[in-house]
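Okay, so here's the structure we're looking at.
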Amino acid sequence: MVSSIREFVTSEHIRGVPEVWGRLTRHRAALVGLAIVVALALAAVLAPLLTPHDPVQQDLNQVLLPPSLEHPLGTDHLGRDLLARILYGGRLSLFIGVLAVAFGLAIGVPLGVVSGYYRGGVDLVIQRLVDIMLAFPSFLLALALVALLGVGLTNVIVAVGISTVPRFSRIVRGSVLSIREQVYVEAAQAIGAPDLWILFRHVLPNALAPVIVQATLSMGITILVAAGLGFLGLGVQPPTPEWGAMLGEGRLYIFHSPYTATFPGLAIFLAVIGFNLLGDGLRDALDPRLRGIL
Amino acid sequence: MSGLLRYIVQRILALAVTLFFVALIVFLLVRLLPGDPARVIAGVFASEEDVQRIRVQLNLDKPLPTQFVYFLASLLRGDLGISARTSEPVMREILSRLPATVKLAAASTFIAAAVGIPLGTIAATKAHSSLDFSISALVLFGISMPVYWLGIILIIIFAIHLRWFPAAGADQPSSLVLPSLTLAAFSVAFVARMTRSSMLEVLRQDYIRTAWAKGLSALVVLYRHALRNAMIPILTVIGLQFGELLGGAVLTESVFSWPGVGRLLVDSIFSRDYPVVQGIVLIFACLFALVNLLVDVLYGLIDPRIRYE
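Chains as they are written, first to last, in the working numbering: chain A, 26 to 319; chain B, 20 to 328.
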């Protein structure tokens with residue numbers, strides 16, 4: 026009897042993933058998003074194979090050249106190949122996005138779970154904390170943190186990551202509040218299962234769908250915010266190629282060489298639109314009821 | 020005391036509590052900086068006497084709780100300290116820049132409502148048509164577009180090539196056009212998206228069917244009967260996106276050399292003028308909170324069924 030229940034639960038679980046995948050692949054917008062994200066990730070990883078140029082090597086005899094066969098997207102004010110800088114820059118922009126979201130998840134999800142599962146005083150304290158964080162507009166919060174922590178890769182990731190915490194904790198708290206009332210949680214409590222077991226085994230897996238959707242959408246937002254910091258000169262420092270910083274440098278030359286600002290911006294735009302499409306598609310595939318909430 | 024008045028008082032009290040903690044966090048962040056704040060404020064080249072003078076002046080020689088009480092007391096007097104860069108009161112610096120930012124934010128919010136609400140309404144009434152699809156695509160573009168990139172593109176097209184509008188500054192009325200369009204793009208998309216889903220919900224209601232059945236014109240049904248009932252979530256979104264707008268203003272002002280608070284913030288970050296940075300963050304958080312309070316109060320005006328109890 027027990028084994029048949031386990032089989033049932035497991036098979037149900039395994040059927041879940043292909044089913045979601047099936048719904049995702051029938052969702053045209055999601056496929057476009059997935060294609061964009063995969064293409065950008067591949068381009069970043071395979072950068073050395075896609076361009077012979079070095080992203081930081083300067084060539085002052087070749088500054089601000091318009092796009093050509095040798096330099097498909099032209100060169101910047103220090104004669105560096107723009108395509109190479111965008112490809113290598115993608116590594117950093119995507120890396121920042123992934124780590125910042127991971128940071129936000131690592132803090133926001135436990136906060137939300139504890140808040141929603143234990144309720145009462147803990148919930149009140151955590152939610153007031155979240156309220157206070159939400160009192161700062163997210164870009165401003167990231168900007169203020171970088172201003173105080175100082176520029177640099179780690180600080181950008183921390184600053185941008187922290188600004189995603191409130192949303193994650195709110196969303197998780199919301200799902201956990203309803204999950205904790207389910208019969209299976211009550212059953213687990215009745216047989217005396219420890220809290221941690223219940224949280225990891227029963228509560229968290231069922232609260233995952235909205236978290237996955239929000240994490241995907243947050244990737245777009247964090248890339249946008251991190252590139253915004255880079256644009257202001259408060260992100261990753263030169264000569265490291267990063268999309269936002271490239272755009273910030275390129276804008277000084279838009280009068281003669283508009284492509285120096287156009288292409289890095291296009292890369293940011295594509296990455297954000299890719300994650301937004303994918304996130305919307307995942308929401309529809311995982312749980313259409315989330316429409317309008319996320 | 021009437022319900023609305025009591026509600027407003029309650030909300031202002033809650034606001035005060037939030038702002039107290041906002042002030043606490045900003046206070047702690049600046050104090051927890053690695054290094055000596057007095058040294059940071061005085062600058063690298065200041066003499067030891069100067070640093071000591073600043074330490075005493077800013078009460079940095081006292082224990083943290085005492086410092087916080089002084090900090091709060093001066094906040095309540097509207098005193099945000101002295102700028103490290105210009106030696107002017109921070110409040111005066113911010114107030115001199117605030118009108119430009121408010122002008123930009125107000126123009127963008129107006130564009131967001133004036134363009135976003137009709138777009139969303141059209142999308143909802145023609146749901147799943149090609150027109151709806153095109154509007155959805157436009158919304159996606161608006162939400163995914165980096166403001167700083169959009170600003171640069173608009174400069175390239177409308178200032179450099181077509182020469183219709185100035186590329187930077189705020190010297191003439193037409194200077195406002197490109198920055199406010201840039202800043203509005205995200206909000207237009209956001210408002211249109213919310214209007215569409217809120218209108219779809221309302222258009223399904225019985226009283227809308229009744230309104231159509233009575234033979235009312237489309238304009239009256241959509242704008243008098245439907246939109247009014249769909250307004251609450253739309254208004255909420257307009258309030259919430261105001262935060263994005265303030266963040267976006269920092270970037271937009273940088274792109275267009277717009278003489279507002281956002282650019283003052285960026286300049287102050289670069290010159291390590293922490294009193295100004297701290298002051299602007301506090302002021303922006305206050306503005307954001309006030310706008311959302313205003314939105315909550317407006318609910319009752321738009322929907323008389325809402326009782327504040």
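For glycine and all other residues, C-beta sits at the position ideal for the given N, C-alpha and C.
*asked:* Can you tell me where the alpha helix (DSSP H) holding A/A213 begins and where it ends?
replied: Taking the first residue of the first sequence as position 1, residue 213 of chain A is located at position 188. Looking at the DSSP string, the run of the alpha helix (DSSP H) that includes A/A213 is V208 to A215.
*Do the region 206–225 of chain A and the region 98–117 of chain A meet, that is, are 3 or more Cβ pairs less than 8 angstroms apart?*
Taking one beta carbon from each stretch, the region 206–225 of chain A and the region 98–117 of chain A have fewer than 3 pairs nearer than 8 angstroms; the two do not touch.
*asked:* For chain B, check one thing: does any of its Cβ atoms lie closer than 9 angstroms to the Cβ of A/V261?
replied: Indexing the first sequence from 1 puts residue 261 of chain A at position 236. With 9 angstroms as the cut-off, A/V261 does not count as an interface residue toward chain B.
*Between the region 46–76 of chain A and chain B, which residues of the former have CB atoms less than 7 angstroms from a CB of the latter, in chain order?*
Cβ contacts with chain B: none found.
*Under the three-state DSSP convention, the category B/T105 falls into*: For the purposes of this step, residue 105 of chain B is taken as the residue at position 86 of the second sequence. The answer is coil: DSSP assigns B/T105 none of H, G, I, E or B.
*Could you pull out every residue in the same chain whose Cβ sits closer than 8 angstroms to the Cβ of A/E37, ignoring the five residues on either side in sequence?*
As a position in the first sequence, residue 37 of chain A is number 12, starting the count at 1. Caution is warranted here: a pLDDT of 37 is assigned to A/E37, below 50, making its placement in the model unreliable, and the coordinate value is therefore given only provisionally. Residues of the same chain with their beta carbon placed closer than 8 angstroms to that of A/E37 are lacking, with the five preceding and five following residues left out of the count.
*Drop a sphere of 10 angstroms on the beta-carbon of B/F150, count the other beta-carbons inside from all chains shown, and report buried for 16 or more, exposed for fewer.*
Residue mapping note: residue 150 of chain B aligns to position 131 of the second sequence, counting from 1. Reading off the sequence shown, one finds Leu at residue 150 of chain B, where the question assumed Phe. Classification of B/L150: exposed, given that the 10 Å Cβ count is below 16.
*asked:* Suppose contacts are defined by Cβ-Cβ distances below 9 angstroms. Is B/A304 in contact with B/S206 by that definition?
replied: For this step, residue 304 of chain B is matched to residue 285 along the second sequence. For this step, residue 206 of chain B is matched to residue 187 along the second sequence. With contacts defined by Cβ atoms closer than 9 angstroms, B/A304 and B/S206 do not form a contacting pair.
*Which value, in whole angstroms, describes the spacing of the CA atoms of A/E44 and B/L99?*
As a first step, residue 44 of chain A must be located in the first sequence, where it is residue number 19. As a first step, residue 99 of chain B must be located in the second sequence, where it is residue number 80. Roughly 57 angstroms separates the two Cα atoms.
*So, do the region 135–145 of chain A and the region 285–296 of chain A have three or more beta carbon pairs nearer to each other than 8 angstroms?*
In short, these stretches do not touch, since the Cβ pair count stays below three.
*Say whether the region 248–258 of chain B touches the region 168–182 of chain B, bearing in mind that this needs 3 or more beta-carbon pairs closer than 8 angstroms, one atom from each stretch.*
The region 248–258 of chain B, when compared against the region 168–182 of chain B, does not touch it at the 8 angstroms Cβ threshold.
*Do three or more CB pairs link the region 149–161 of chain A to the region 232–243 of chain A at distances below 8 angstroms?*
No, they do not touch.
*asked:* Determine, for B/Y32, whether the minimum Cβ-Cβ distance to residues of chain A falls below 9 angstroms.
replied: One-based indexing of the second sequence puts residue 32 of chain B at position 13. One point to set straight first is that residue 32 of chain B is Leu, not Tyr, in the sequence displayed. So, not an interface residue.
*Just the Cα atoms here: how many angstroms apart are A/P191 and A/L159?*
As a first step, residue 191 of chain A is located in the first sequence; it is residue number 166 there, counting from the start. As a first step, residue 159 of chain A is located in the first sequence; it is residue number 134 there, counting from the start. Whole-angstrom Cα-Cα distance: 7 angstroms.
_Own chain, CB closer than 7 angstroms to B/S194, minus 5 neighbours either side, in chain order_ = Within the second sequence, numbered from 1, the residue matching residue 194 of chain B stands at position 175. Answer for B/S194: P185 and G188, listed in chain order.
*Sequence-distant residues of the same chain with beta carbon closer than 8 angstroms to B/L43, five excluded per side*: Position 24 of the second sequence, counted from the start, is the residue given in the question as residue 43 of chain B. So the qualifying residues of the chain are F87.
*Which residue's Cα is closest to the Cα of A/L229: A/I196, A/I246 and A/G258?*
By one-based count along the first sequence, residue 229 of chain A stands at place 204. It is A/I196 whose Cα lies nearest to the Cα of A/L229.
*Closest Cβ-Cβ distance between B/Y89 and chain A: below 9 angstroms?*
Taking the first residue of the second sequence as 1, we reach residue 89 of chain B at position 70. So no, B/Y89 is outside the interface.
*asked:* Just to confirm the assignment, what range does the alpha helix (DSSP H) spanning A/I293 have?
replied: Within the first sequence, residue 293 of chain A is the residue found at index 268, counting from 1. Where A/I293 is concerned, the enclosing alpha helix (DSSP H) stretches over Y284 to L311.
*asked:* Rounded to the nearest angstrom, what separates B/I251 and B/P323 at their Cα positions?
replied: Start at 1 with the first residue of the second sequence, and residue 251 of chain B comes out as number 232. Start at 1 with the first residue of the second sequence, and residue 323 of chain B comes out as number 304. The alpha-carbon of B/I251 is positioned some 11 angstroms away from that of B/P323.
*Proximal residues to A/R40 (C-beta, below 8 angstroms), its chain only, five neighbours per side dropped*: Within the first sequence, residue 40 of chain A is the residue found at index 15, counting from 1. At A/R40 the pLDDT is 48, less than 50, meaning the model places this residue with poor confidence; the figure from the coordinates comes in the next sentence. No residues qualify anywhere along the chain.
*Skipping 5 residues on each side, what residues in its chain have a beta carbon closer than 8 angstroms to that of B/T271?*
For the purposes of this step, residue 271 of chain B is taken as the residue at position 252 of the second sequence. Excluding sequence neighbours, B/T271 sits near L123, V166, Y167, G170, P198, T201, L202, W277 and G281.
*Applying a beta-carbon distance threshold of less than 9 angstroms, which residues of chain B neighbour A/V297?*
Position 272 of the first sequence, counted from the start, is the residue given in the question as residue 297 of chain A. For A/V297, the neighbours in chain B by C-beta distance under 9 angstroms run, in chain order, I162, S163, M164 and P165.
*Does the region 88–101 of chain A come within contact of the region 49–57 of chain A, defined as at least 3 CB pairs closer than 8 angstroms?*
No contact exists between the region 88–101 of chain A and the region 49–57 of chain A.
*asked:* In this structure, how does DSSP classify B/T140 when only helix, strand and coil are distinguished?
replied: As a working mapping, residue 140 of chain B is identified with position 121 in the second sequence. Three-state DSSP puts B/T140 in a helix.
_A/D309 versus A/G47: straight-line alpha-carbon distance, rounded_ = Taking the first residue of the first sequence as 1, we reach residue 309 of chain A at position 284. Taking the first residue of the first sequence as 1, we reach residue 47 of chain A at position 22. Using only the alpha carbons, I get a separation of about 12 angstroms.
_In this structure, how does DSSP classify A/T100 when only helix, strand and coil are distinguished?_
Against the first sequence, residue 100 of chain A aligns to sequence position 75. Residue state, collapsed to three classes: strand.
_Less than 7 angstroms between C-beta atoms, sequence neighbours within five positions excluded: which residues of the same chain meet that for B/I253?_
Taking the first residue of the second sequence as 1, we reach residue 253 of chain B at position 234. So the qualifying residues of the chain are I136, V210, M213, T214 and S217.
*Helix, strand or coil at B/D190 according to DSSP, with G and I counted as helix*: Numbered from 1 along the second sequence, position 171 holds the residue referred to as residue 190 of chain B. B/D190: coil per DSSP, three-state reduction.
*Under 9 angstroms by beta carbon: chain B residues contacting A/N301*: Here residue 301 of chain A is taken as the residue at index 276 of the first sequence, counted from 1. By Cβ distance, chain B contributes L159, I162 and S163.
*Hey, could you find the ends of the alpha helix (DSSP H) A/T189 is sitting in?*
Within the first sequence, residue 189 of chain A is the residue found at index 164, counting from 1. Annotation: A/T189 is outside any alpha helix (DSSP H) and is labelled neither H nor E by DSSP.
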